[in-house]
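Q:
Numbering (our numbering), first residue to last: 4 to 502.
1. Taking only three categories from DSSP, how would you classify residue 465?
2. Quick one: grab the DSSP three-state call for residue 432.
3. Quick one: what's got a C-beta closer than 6 angstroms to residue 325's C-beta in the same chain, skipping five residues either side?
4. Mapping DSSP to helix, strand and coil, what is residue 343?
5. Confirm, please, whether the CB-CB distance from residue 426 to residue 388 is below 9 angstroms.
6. Between the Cα of residue 350 and those of 379, 295, 290 and 368, spot the shortest distance and give me the residue it belongs to.
7. Start and end of the beta strand (DSSP E) containing residue 299?
8. Could you name the residues that DSSP lists as bridge partners for residue 273?
9. Along the beta strand (DSSP E) that carries residue 217, what are the first and last residues, could you check?
10. If distances are taken between C-alpha atoms only, which option among 221, 239 and 209 comes closest to residue 280?
11. Between 361, 330 and 430, which lies nearest to residue 337 when the distance is taken from Cα to Cα?
12. What is the rounded straight-line gap between the Cα of residue 152 and the Cα of residue 379?
13. Please report the residue range of the alpha helix (DSSP H) in which residue 352 lies.
14. Beta-carbon separation of residue 355 and residue 159 under 9 angstroms?
15. Pull up the DSSP beta-bridge partners for residue 283, would you.
16. Would you check if the segment 393-402 and the segment 359-367 touch, i.e. whether three or more CB-CB distances between them fall below 8 angstroms?
17. Cβ of residue 394 versus every heavy atom of the ligand FMN: is any distance shorter than 8 angstroms?
18. Relative to the C-alpha of residue 193, which candidate in 417, 223, 17 and 270 has its C-alpha closest?
19. Keeping to the same chain, check which residues put their C-beta closer than 6 angstroms to that of residue 243; ignore five residues upstream and five downstream.
20. Tell me which same chain residues have a C-beta within less than 6 angstroms of the C-beta of residue 432, skipping the five on either side of it?
21. Pull up the CB-CB distance for residue 469 and residue 409, whole angstroms please, since I reckon it's below 8 angstroms.
22. Pull up the distance between the alpha-carbon of residue 146 and that of residue 288, whole angstroms please.
23. Comparing alpha-carbon positions, which option in 268, 204 and 227 lies nearest residue 435?
24. Start and end of the beta strand (DSSP E) containing residue 333?
25. For residue 341, tell me which candidate among 310, 179 and 375 has the shortest Cα-Cα distance.
26. Need the endpoints of the beta strand (DSSP E) that residue 307 sits in, please.
27. How would you label residue 363, buried or exposed, when you count the other beta carbons within 10 angstroms and need 16 or more for buried?
28. Go to residue 265, then tell me how far its alpha helix (DSSP H) extends in each direction, as first and last residue.
29. To the nearest angstrom, how far is the alpha carbon of residue 305 from that of residue 335?
30. Based on the DSSP secondary-structure assignment, which residues constitute the bridge partners of residue 242?
31. Can you tell me which residues form a DSSP beta bridge with residue 427?
32. Is the distance from the Cβ of residue 213 to the Cβ of residue 195 below 9 angstroms?
33. Taking residue 185 as part of the alpha helix (DSSP H), name the residues at either end of that continuous run.
34. Identify which residue in 447, 298 and 442 has its Cα closest to the Cα of residue 463.
35. Can you list, in chain order, the stretches of the alpha helix (DSSP H) that have 4 or more residues and sit fully within the segment 362-386?
36. Please name the residue, chosen from 333, 489 and 339, that lies closest to residue 312 on a Cα-to-Cα basis.
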C-alpha cells in the first residue's frame, strides 16, 4: 500500500506545482506589471536625444519571449527614434526657399534639394518624418470632392423644402428673427456667433469676417451693450437674445437653444466662436450632406477621422491565435463645437433640443463634452440619441491652433503660396488673441511692408510652437498597456462615465 501511496502523493504534488506555475504564468500575462517593457526599477536611456527616456530591458527572460511581438514593435520604434529625433505625419524637408521642397503636398512630386542657409530656421533644420498615417495621402485641397462612385449620402430631412417659397418657417412668435433672416441669410444659411460685450477681441473678430465680404453674418448679442454698438455697424446683423449668462462656458452653454430657433425657422447655421480667425469665406467649402459638419481637435488623418485599435485580452490565452486580439476599439479625437455647420433638419432640431436640456439640467456638463456624447455615442438602453449624421471637416482646411503652429508652421509645402486654410480656431492655446494676430499677419500681411514670410507666423511664438508633433501611437507608446487594460477591464475614464 505504501509503495502505491508514494507515487500518488508525488504525482499530486507535481500536479499542484504545475497548476501553480501555470496560474502564475497566466497571472503575469494578464497584468500590466508583467510586461517587461513597463516594469519598475529598470535602467533608462535617452534613445532619441529628445529628453524622452526609454526603459532598457533584459532580452533573455521568458516573460520577454511571451511579449516578443510587442518587443519587436518597440525595437522598430526605437530604431526609428534613434535615427530621427523629430516625428511628424508628413514627410517634408523644411526649407527657407518655398520652391526648395522635396515632396509636393498634393502631387507628391520630388523637387530640388533643401537650402539650409538661414539662421532664422535653425530650429527647423531637421525634416519632419512620416510615421502613420499620411494626412496628405488623399488631401487635394479644400474644395468639396464628389462622392465615391456608387455611394450617395442619404437625403436630409430638411425643415424647409428647397422649393418652399414660404420661408422662413414657423415665424409666429419669432417675428424679429424671421425679419433678420429674410434680410441677411443667403441660400437659407448664416454665419453666427453668440457673444456679449465682454467677449475678448469681439470687434477684431467682426472686422476680420467683414473684411472677407461675408454678408450673411449675424452676431447673437446677449446684452444691450453689444447689441447697441452693432445696430448701425455695416456688414453684420445683430439679433438680441435676453440672457444673463456670464463667462465663456456659460455663454457657450446657451447656444444650443438659440441655434434651435434658427434651425426651426429652416435656416442652417455655421456656428462659430469668437476666437476663430477666418481667412476665406467658408461657405463654398462645405459639403451639406450631413446634419452636422464640425471641425476636429485632431491633428492628422487618424486622430481627426478615427481609426481602429486592437484590444489585447491576454485572459483569452497566450497564443496570438487564441482570439486575444480579435476585438477592436474605435478611437477618434473630439469634435470641436467652436466651428460647426448645423443644417436645418429635423435631426439637428432634436440634437439642439437634447443639448439645451442637458446643459440646463446637468450642472457640470461642458458644452463640448455633451456635444460629442450626443453625436458619437449610440442609442442604448433608455437613451435615444438624435440620429444626427456627422461629417468631420478637414483639419488642414478648418484648422485648430495645434495644426497651425505645430504642423503648418514647419511645413514649406503648406505655406500660404501653396495652401491657405479656411479658418483657424485658437482652441489649443491660452494666448488666443496673440495666435489670431500672428495668423492674420502672416496670411493677410501687407507685402509692401515686407510682411510676407513664415517668420511673421513664427514671430514671438513661445507657447506650443515646436515641430515635434507626435502621432497618437507615439504619444501613447509608454502607456499603451494602461490604455489597453482600461478597455479590457472595462475601466471608465471620468469624462466617459458621464455619457
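Ideal Cβ positions, reconstructed from N, Cα and C, are used throughout, including at glycine. Please read these numbers as outputs of a predicted model, since none were measured by experiment.
A: From the atom records:
1. coil
2. coil
3. 319
4. strand
5. no
6. 295
7. 295-299
8. 194 and 344
9. Taken as a continuous stretch (DSSP letters only), residue 217 belongs to no beta strand (DSSP E), as it is neither H nor E.
10. 209
11. 430
12. 26 angstroms
13. 349-364
14. no
15. Residue 283 is not bridged to any residue.
16. no
17. No copy of the ligand FMN appears in this structure; indeed no ligand is present at all.
18. 270
19. 224 and 230
20. 404, 438, 466 and 467
21. 7 angstroms
22. 6 angstroms
23. 204
24. 330-334
25. 375
26. Not the beta strand (DSSP E): residue 307 falls in the alpha helix (DSSP H), residues 304-308.
27. exposed
28. 258-267
29. 7 angstroms
30. 223
31. 280 and 402
32. no
33. 178-187
34. 442
35. 370-379
36. 333
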